[in-house]
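*Asks:* Right, I'll just put the structure down here and ask away after.
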Amino acid sequence: MKKKLAIWLALCVIWGAGWNAAAAQGEAWSFDPFHSSVTFTIRHILAKVAGTFDEVQGHMVFDPARPEAGAVTVTIPVNSINTRVEKRDAHLRSSDFFDAEKYPVMTFESTQILSGKSTTDFIARGTLTIKNVRRPLDLPFRYLGSTVHPMDPSKEIIGFEAHTTIDRLEFGVGNGEFFQKGLIGKEVSIAIYVEMLRDRVSAK
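Per mature numbering (1 follows the signal peptide of the UniProt record, and there is no 0): the sequence shown = residues -24 to -1, 1 to 180.
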C-alpha cells in the first residue's frame, strides 16, 4: 500500500509541475466526469470486445485561434476499467495485463498542440505513459465548440472528441502469449468523448 501511495504521489508531483506551466498560459478547462468517456475496442478471436475506463481526470488550456498556446493533461485510473464482466476486469487489472496495483494510473501529457486539416481539427502531440512505459503519441482531436452551459449560466462548456489506435504490447500490457494464440489482438482502438467546464467569471 505504501509503495502504491508513493507512486501515486510521484505522478501527482510530475503532473502538477507540467500543468502549472501550461495553466499559466490561459484559463483552464476541467473535465466534466459525468459527460466524458474513454472507450476502447479490441479483437477477441474474431469479433471485437468493447470496454470503458469509467474515470477520467485532467485539465486543458485551449483557444482554437491560438492552439500553439494550449496544453492538455489526462490521468486515467486503471482500476476504473469496465468491460461489464467482473472476472475479465479483474484479470485485466492483474499483473498479466495492466498490473493496476503497481501502476495505478495511465497518463497523457501534451508538449504541443498543432492545427489540423480544418478549423475544427487539431493534434495534441505528447507522451502517453502506461505501466511506466513512455511513448510519443500524436492524438488527433476535433473541437466541437463552446457555449454557456444551458443549465448553469455561471459555467462555460467546451466539447472535444478524439480517436486513436495503440499497440498494447508496446506498453507491456500483456506479454504477447494470448496474441500469438489468436485469442486477443494487440491493437486497441480508443475513442474519447469529452466535455469540459470552467467558470464564466474567470474566462477571458
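All C-beta atoms in this analysis are idealised placements derived from N, C-alpha and C, irrespective of residue type, glycine included.
In this text the structure is predicted, and so the values were computed from the model without any measurement.
Rounded to the nearest angstrom, how far is the Cβ of F7 from that of V170, given a contact under 8 Å?
*Replies:* 6 Å between Cβ atoms; contact.
*Asks:* Grab me the residues of K162's own chain with a C-beta within less than 7 Å of its C-beta, minus the 5 sequence neighbours each way, in chain order.
*Replies:* Counting only Cβ-Cβ distances below 7 Å, and skipping sequence neighbours, we find D143, R144, L145 and F155.
*Asks:* Once you ignore the five residues that flank P53 on each side, which residues in its own chain have a CB closer than 7 Å to its CB?
*Replies:* Correct list, in chain order: E31, P80 and V81.
*Asks:* Is the CB-CB distance between A34 and T17 below 7 Å?
*Replies:* Here residue 34 is Gly; the residue named in the question, Ala, does not match the sequence. Against a cut-off of 7 Å, the Cβ pair of T17 and G34 comes out as no contact.
*Asks:* Throw me the rounded Cβ distance for the P129 and I89 pair, which I believe falls under 8 Å.
*Replies:* Contact doesn't hold; Cβ gap of about 29 Å is too wide.
*Asks:* Among E3, A45, E132 and A4, whose alpha-carbon lies nearest the alpha-carbon of R101?
*Replies:* Cα-wise, what sits closest to R101 is A45.
*Asks:* Going by Cα to Cα distance, which pick from K78, K157, Y119 and S13 is closest to L22?
*Replies:* Checking every option, the nearest Cα to that of L22 belongs to K157.
*Asks:* Sort out for me which residues DSSP pairs V170 with in a bridge.
*Replies:* In DSSP, V170 forms a bridge with F136.
*Asks:* Quick one: residues in its chain with C-beta nearer than 6 Å to the C-beta of S178, no 5 flanking neighbours on either side, listed in chain order?
*Replies:* Interpretation of S178 is limited by its pLDDT of 48, a score under 50 that renders its predicted location unreliable; no figure is taken from the coordinates.
*Asks:* For Q1, which residues of its own chain have a beta-carbon under 6 Å away from its beta-carbon, when the five flanking residues on both sides are left out?
*Replies:* Unreliable placement is indicated for Q1, whose pLDDT of 40 sits below 50; the coordinate value is still reported in the next sentence. Closer than 6 Å at Cβ, skipping near neighbours: V37 and A45.
*Asks:* Are the CB atoms of A76 and N108 nearer to each other than 7 Å?
*Replies:* Not a contact, by the Cβ cut-off of 7 Å.
*Asks:* Using a Cβ-Cβ cut-off of 6 Å (strictly less than) and excluding sequence neighbours within five positions of L138, which residues of its own chain qualify?
*Replies:* In the sequence as displayed, the identity of residue 138 is Ala instead of Leu. Correct list, in chain order: L115, F117 and I168.
*Asks:* Please classify A100: does DSSP put it in a helix, a strand, or coil?
*Replies:* In this structure, A100 counts as strand in the three-state DSSP scheme.
*Asks:* Express the C-alpha separation of F74 and D65 in angstroms, rounding to a whole number.
*Replies:* Each residue's alpha carbon lies about 10 Å from the other.
*Asks:* In this structure, how does DSSP classify R176 when only helix, strand and coil are distinguished?
*Replies:* Helix, per DSSP.
*Asks:* Could you compute how far the alpha carbon of S91 sits from the alpha carbon of K63?
*Replies:* C-alpha separation (whole angstroms): 42 Å.
*Asks:* Sort F147, G148, F98 and K93 by Cα distance to D39 and report the nearest one.
*Replies:* Among F147, G148, F98 and K93, the Cα nearest to that of D39 belongs to F98.
*Asks:* In terms of alpha-carbon separation, which member of D175, S165 and T105 lies closest to residue 182?
*Replies:* Shown here, the chain extends from -24 to 180; a query on residue 182 therefore has no answer.
*Asks:* How would you call V61, buried or exposed, if buried means at least 16 neighbouring beta carbons within 10 angstroms?
*Replies:* Classification of V61: exposed, given that the 10 Å Cβ count is below 16.
*Asks:* Is the beta carbon of L173 less than 7 Å from the beta carbon of K131?
*Replies:* Contact flag set, yes.
*Asks:* Which full runs of the alpha helix (DSSP H) of 4+ residues lie inside the segment 42 to 104, going along the chain?
*Replies:* The segment 42 to 104 contains these whole alpha helix (DSSP H) runs: 62 to 69.
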